[in-house]
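**Student:** Before I ask anything, let me first share the structure, which is written out below as structure tokens.
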Amino acid sequence: MAEPVNILLIDDHEANLLALEVVLEPLGLNLVKAGSGHDALRFLREDDFAVVLLDVRLDGMNGFEVAQRIRSQERSQHVPIIFLTAYESEDFPPAKAYVLGAVDYLVKPVVPEILRAKVAVFIDLFQNARLRQSERRLRALLANAWDGISLLDRDGTIVENIPDNLHRLGYRRDEFVGHNGFQFLHPDDLSAVAKTMGQLLQAPGTKATIPYRLRRKDGSWCWVEAIGVNLLDDPAVQAVVVNYRDVSEQKAAEQMRAELAAIVASSDDAIIGQDLQGIITSWNKGAERLYGYTAEEVIGKPVVLLHPPENPDELPNLLERLPRGERVEHFETVRVRKDGSHVDVSLSVSPIHDGKGTIVGAAKIARDVGPRKRMEEALRRQAEELTESHRQKDQFLTMLAHELRNPLAPLLTGLHILRHPRTTPEVEEQIRAMMERQVRHVSQLVDELLDVSRILHGKVQLRSDRLDLARLTRTAAEDRRAVLEQAQMTLLLDVPAIPVWVMGDPKRLTQVLNNLLDNAVKFADGGRKVTVRVTADAERGRAVLSVRDDGSGIEADLLPRLFVPFLQADRSLDRSRGGLGLGLALVKGLVELHGGSVAASSAGPGRGAEFTIRLPLEQEPAALAEESAELPPPKKRLRVLVIEDNRDAADSLRLLLELLGHEVRVAYSGLEGVEEARKWRPGVVLCDIGLPGLDGYGVARELRLNPTTSRVRLLALTGYGAEEDRRRSSEAGFDFHVVKPADPAELSKLLASG
Amino acid sequence: MPPSLRILVVEDLRDSADSMAFLLKLWGYQSAVVYDGERALEVAATYRPDVVLLDIGLPGMNGYKVARTLRALPGTASAFIVAITGYGQKADVERCKEAGFDRHFLKPVDPAELQRLLANVPKHGAEVEPTAITN
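As you go down the protein sequences, you meet chains A and B in turn.
To convert, note that position 681 of the first sequence is 683 in my numbering; the numbers rise steadily by one, no gaps.
To convert, note that position 53 of the second sequence is 488 in my numbering; the numbers rise steadily by one, no gaps.
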């Protein structure tokens, strides 16, 4: 292990040198022979020697001189010199030899064992000195190294720590050395480190690498990478050597990188990296979602893959600006997905720099702005619709003013005529009749107008009942037959003999039919036939009433505007016969109140027109009678709708009612309840009064107004029981008033009764 | 005795037209009544009215068209044409001016005002050069 130790033998007689060699050979040293003082000095300059054996009597320089010269050379200043002499003489007194730095003075012939023993001593000294020097050098090196070295014994006690870099951890030496190393470890790393230590102890001489955290004096944690070697069996070391390096900066960088990667990965936005050649280098989940390509499919491909072919010139511009370090923000453009569909995106592009600050690529963040655009579009549409609606209202008012002015003119003229002295009684009579006519006309207009207005604002109450549409049509049409015949027209009725049941207000439905028939006459324009037909479409649950004429017909572009007040085919024509142009608006409003719809169709001008009304078909009266049975048995299965915003209360009511044998549905708000009632047509509705939004009274009103639900049995559920509240609920249209919590027996009785 | 102006009443609502014509007669004017635009042009050619009381909202040809045509015809180019209409918005008044009307009345016309107007309209004969009257 150790380097060979050098011994210098100086003697000008070769035989002597050989003799020394023989004596010293067993020591295993490197014996260097010098035949002269000059040679010796040279050797001593070039190398280190453990000891010099010097013959006193030399040719040329004598031994003492040589010794002096040796001492004056820096490298050999302190080398031990053993003088060898054949005899004592006063020329070479031992005292002088010692003064010259000899460590021993031997007289030849030398006893071999003695010489070997003495030389061995100096060898030892030399080796020790060399070792200490090595140590010092090592310490000096380590003191300035980043790494630390801990020497641990078997149980982990720190027996030494080199160098004194503990200041980086913040400890004084005595706070570290002598303590057990495990106490400085992070709890989460303990078991891994212990395991590794165990492995090392079992396999001397092997190495193991492990990262862990050391606690700094201030309590913070420092990440280190450590390599451990079990050198317990090495007598020179007798410890487990742990070489550790502070990697906290790397760890911090790694953690930040991991965090950033997580942010990129979890971002909803598409984050795409590309190099300066436009090749995709990274692709996050957001990009996968937005564009449909997986990372494997696109990394390495050119980013133009995403560009719509009709707009390639965007690209050069972008690639130009990047190297200049420019950013692009919120650039709206279009991209193409994997499936070929286009997507509107907003892009932000920024340059990617390497460590030296050179731009090496670009990071693009793309966000799908489709939803935003659609919302903007929807808002724009809404604004347009509002404007249109305003315009229509303005137009309505203008028309209204115009229409009401017309009858006033002859009235004013008439008054002046009556006042004029030259007016004769006959004329007076004529004028008065004309004025009466006009006044009646104005009232009729006003009535029609108010009617339409009320209908459009939902302020008309229908007095609905179950009626036979076939019969109503027959009756109304017959009543109008005279008018038609007066206009030289023929009325044809195609109405079934069996009843077609609908829920409706007979007066209003008659009004609707009359309007349509009057129109047919007004716009007959030479036509002769008016056909009125009623059918029942049981499959779709609809009753259909249609009025067809062969008169002047309607232009295609007027069809959509037909039912708008005042706007109709030939306004002035209608006006000249005394109408306001409101007839069809009235028809539409009334039909819709009945839960139905009206549509007009025409083959074109001169080809007649057909108006079709659809109303919901009512159930057979027999079925109805069964549901709202007046006679017991009490366990009649009813359809019960519960309207209650408190979910628990609602659900427990449902359970109770189901137990009583009824079919139950629940709505948690007034509006939902009204909607459900219309669709499901329950026989009974239990409604909580205290609902948010549309309250119980509101619900009752809504249900009573609508012909499809106006006959349902309404029970109010409320916490109040005072007389006042009972009155209010019955005023609102409730049949019964039940105070919560509802008594099951009472409820059952109420439901069973008629 | 006021000059006997010839007044043509063009109005599709008969009660309005007839009562107006009667009142004019009571005031001592000559009057003729037609109920639509085409008839108005036919009659105007031979009747040569001094004043035309013209409703805008006529069936078929509307009042603006009638006015423009009357202005274009030599016999009626210099007639005093009055619009009688249920539309009183600024835009409507503008339109009347552009169509060549001399005055614009909103229905119902106040007979007193009408009388005042008629009293100040010059009767035009063959010697008067037909020029379009502008305001």
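Note that beta-carbon positions come from the ideal geometry of N, C-alpha and C, so glycine has one too.
Give the interface partners of B/G404 over in chain A, defined as CB-CB distance under 7 Å, in chain order.
**Tutor:** This structure leaves residue 404 of chain B out entirely; chain B is present only between 436 and 570.
**Student:** Just to confirm the assignment, what range does the beta strand (DSSP E) spanning B/F515 have?
**Tutor:** Here residue 515 of chain B refers to the residue found at position 80 of the second sequence. From DSSP, the beta strand (DSSP E) with B/F515 extends over F515 to T520.
**Student:** In the DSSP assignment, what are the bridge partners of A/R667?
**Tutor:** Translated into positions along the first sequence, residue 667 of chain A becomes position 665. Paired residues: A/L643.
**Student:** For the beta strand (DSSP E) holding A/G275, just list the boundary residues, first then last.
**Tutor:** Residue 275 of chain A sits at position 273 when you count from the first residue of the first sequence. Counting along the chain, the beta strand (DSSP E) containing A/G275 begins and ends at A272 to D277.
**Student:** What distance in whole Å lies between the Cβ atoms of A/I265 and A/T283, which are believed to be in contact at a cut-off of 8 Å?
**Tutor:** Taking the first sequence and counting its residues from 1, the one referred to as residue 283 of chain A is at position 281. Taking the first sequence and counting its residues from 1, the one referred to as residue 265 of chain A is at position 263. So it is not a contact: roughly 18 Å between Cβ atoms.
**Student:** Relative to the C-alpha of A/E48, which candidate in A/S78, A/E27 and A/L20 has its C-alpha closest?
**Tutor:** As a working note, residue 48 of chain A is residue 46 in the first sequence. Nearest C-alpha to A/E48: A/S78.
**Student:** How big is the Cα-Cα spacing for A/E818 and A/P189?
**Tutor:** Given a span of 3 to 756 for chain A in the structure shown, any question on residue 818 of chain A remains unanswerable.
**Student:** Give the secondary structure of A/Q490 by DSSP, where H, G and I count as helix, E and B as strand, and everything else as coil.
**Tutor:** Here residue 490 of chain A is taken as the residue at index 488 of the first sequence, counted from 1. Three-state result, A/Q490: coil.
**Student:** Would DSSP call A/I361 helix, strand or coil?
**Tutor:** Counting from one through the first sequence, the residue named residue 361 of chain A turns up at place 359. Of the three classes helix, strand and coil, the one that applies to A/I361 here is strand, per DSSP.
**Student:** Indicate whether at least one CB of chain B lies closer than 8 Å to the CB of A/V397.
**Tutor:** Residue numbering aside, residue 397 of chain A sits at position 395 when the first sequence is read from its first letter. One detail in the question is off: residue 397 of chain A reads as Gln in this sequence, not Val. No, A/Q397 does not count as interfacial toward chain B.
**Student:** Among A/L564, A/Y295 and A/G675, which has the Cα closest to the Cα of A/N286?
**Tutor:** Here the question's residue 286 of chain A lines up with position 284 in the first sequence. Looking at the Cα atoms, A/Y295 is the closest of the given residues.
**Student:** Which value, in whole angstroms, describes the spacing of the CA atoms of A/G672 and A/F738?
**Tutor:** Along the first sequence, one-based indexing puts residue 672 of chain A at 670. Along the first sequence, one-based indexing puts residue 738 of chain A at 736. Whole-angstrom Cα-Cα distance: 18 Å.
**Student:** Measuring alpha carbon to alpha carbon, tell me which residue in A/V502, A/L696 and A/R563 is nearest A/R535.
**Tutor:** Mapped onto the first sequence, residue 535 of chain A falls at position 533. The residue with the shortest Cα to Cα distance from A/R535 is A/V502.
**Student:** May I have the straight-line CA-CA distance separating A/A435 from A/T425, to the nearest angstrom?
**Tutor:** In the first sequence, the residue the question calls residue 435 of chain A occupies position 433. In the first sequence, the residue the question calls residue 425 of chain A occupies position 423. Between A/A435 and A/T425, the C-alpha separation is close to 15 Å.
**Student:** Terminal residues of the continuous beta strand (DSSP E) containing A/D453?
**Tutor:** Walking along the first sequence from the start, residue 453 of chain A turns up at place 451. Per DSSP, A/D453 belongs to no beta strand (DSSP E); it is in the alpha helix (DSSP H), P427 to L458.
**Student:** For A/R424, which residues in chain B fall below 7 Å Cβ to Cβ?
**Tutor:** Within the first sequence, numbered from 1, the residue matching residue 424 of chain A stands at position 422. Those within 7 Å of A/R424 in chain B are L461.
**Student:** Identify each residue in the segment 478-500 of chain A for which the Cβ-Cβ distance to at least one residue of chain B is less than 8 Å, and report them in chain order.
**Tutor:** So the list is empty, because no residue satisfies the distance condition.
**Student:** Return no unless some Cβ of chain B is closer than 8 Å to the Cβ of A/Q570.
**Tutor:** By one-based count along the first sequence, residue 570 of chain A stands at place 568. Note that A/Q570 has pLDDT 48, beneath the 50 cutoff, so the model's placement of it is unreliable and the number below is only indicative. Closer than 8 Å: no.
**Student:** Would DSSP call A/E629 helix, strand or coil?
**Tutor:** Taking the first sequence and counting its residues from 1, the one referred to as residue 629 of chain A is at position 627. Bear in mind that a pLDDT of 49 at A/E629, under 50, signals an unreliable position, so the number given afterwards is only what the model happens to contain. Reduced to three states, the DSSP call for A/E629 is helix.
**Student:** Between A/Q440 and chain B, is the shortest Cβ-Cβ distance under 8 Å, so that the two count as touching?
**Tutor:** For the purposes of this step, residue 440 of chain A is identified with residue 438 of the first sequence, where counting begins at 1. Judged by the 8 Å Cβ criterion, A/Q440 is in contact with chain B.
**Student:** Closest Cβ-Cβ distance between B/F457 and chain A: below 8 Å?
**Tutor:** Along the second sequence, one-based indexing puts residue 457 of chain B at 22. True, the Cβ-Cβ gap to chain A drops below 8 Å.
**Student:** Going by beta-carbon coordinates alone, are A/P607 and A/G555 separated by less than 8 Å?
**Tutor:** In the first sequence, residue 607 of chain A corresponds to position 605, counting from 1. In the first sequence, residue 555 of chain A corresponds to position 553, counting from 1. Against a cut-off of 8 Å, the Cβ pair of A/G555 and A/P607 comes out as a contact.
**Student:** Compare the C-beta of B/V524 against all C-beta atoms of chain A and say whether one is closer than 8 Å.
**Tutor:** Within the second sequence, residue 524 of chain B is the residue found at index 89, counting from 1. First, the amino acid is wrong: residue 524 of chain B is Gln here, not Val. Yes, B/Q524 lies at the interface with chain A (some Cβ there is under 8 Å from its Cβ).
**Student:** Straight-line CA distance for A/L584 to A/T477?
**Tutor:** The count along the first sequence starts at 1 and reaches residue 584 of chain A at position 582. The count along the first sequence starts at 1 and reaches residue 477 of chain A at position 475. A/L584 and A/T477: Cα-Cα distance of roughly 24 Å.
**Student:** First and last residue of the beta strand (DSSP E) that includes A/W225?
**Tutor:** Your numbering for residue 225 of chain A matches position 223 in the first sequence. Start and end: W223 to L233.
**Student:** Can at least three beta-carbon pairs, one atom from the segment 378-395 of chain A and one from the segment 741-753 of chain A, be found at a separation below 8 Å?
**Tutor:** Result no; under three Cβ-Cβ pairs closer than 8 Å.
**Student:** For a test of the three-state rule: what should DSSP assign to A/P373, helix, strand or coil?
**Tutor:** Numbered from 1 along the first sequence, position 371 holds the residue referred to as residue 373 of chain A. Helix at A/P373.
**Student:** If we ignore side chains and look at the alpha-carbon of each, how far apart do A/S630 and A/E726 end up?
**Tutor:** Here residue 630 of chain A corresponds to residue number 628 of the first sequence, with the count starting at 1. Here residue 726 of chain A corresponds to residue number 724 of the first sequence, with the count starting at 1. Low local confidence applies: a pLDDT of 47 at A/S630 is under 50, so the model's placement there is unreliable, with the coordinate-based value given in what follows. Those two C-alpha atoms are separated by around 29 Å.
**Student:** Is any beta-carbon of chain A found at less than 8 Å from that of B/V544?
**Tutor:** Reading the second sequence from its first residue, position 109 is the one you call residue 544 of chain B. With 8 Å as the cut-off, B/V544 counts as an interface residue toward chain A.
**Student:** Nearest to B/L461 by CA position, among B/A475, B/V469, B/D447 and B/I442, is which residue?
**Tutor:** Position 26 of the second sequence, counted from the start, is the residue given in the question as residue 461 of chain B. Closest option to B/L461, Cα to Cα, is B/I442.
**Student:** Counting pairs of beta carbons, one from the segment 173-189 of chain A and one from the segment 217-226 of chain A, are three or more of them closer than 8 Å?
**Tutor:** Verdict: yes, contact present.
**Student:** The segment 404-418 of chain A: which residues have C-beta closer than 9 Å to a C-beta of chain B, in chain order?
**Tutor:** For the segment 404-418 of chain A, which is checked against every Cβ of chain B, the residues closer than 9 Å are H404, E405, L406, R407, N408, P409, L410, A411, P412, L413, L414, T415, G416, L417 and H418.
**Student:** Please confirm if A/T400 has its CB atom under 8 Å from at least one CB of chain B.
**Tutor:** Mapped onto the first sequence, residue 400 of chain A falls at position 398. So, interface residue.
**Student:** Between which two residues does the alpha helix (DSSP H) carrying A/I556 extend?
**Tutor:** Counting from 1 along the first sequence, the entry for residue 556 of chain A is found at position 554. Run containing A/I556: none; DSSP gives neither H nor E here.
**Student:** For the segment 474-494 of chain A against the segment 504-513 of chain A, are there 3 or more C-beta pairs whose distance is under 8 Å?
**Tutor:** They touch, by the three-pair rule.
**Student:** Is there a Cβ of chain A sitting closer than 8 Å to that of B/L448, yes or no?
**Tutor:** For the purposes of this step, residue 448 of chain B is taken as residue 13 along the second sequence, with counting starting at 1. Closer than 8 Å to some Cβ of chain A, the Cβ of B/L448 qualifies, so yes.
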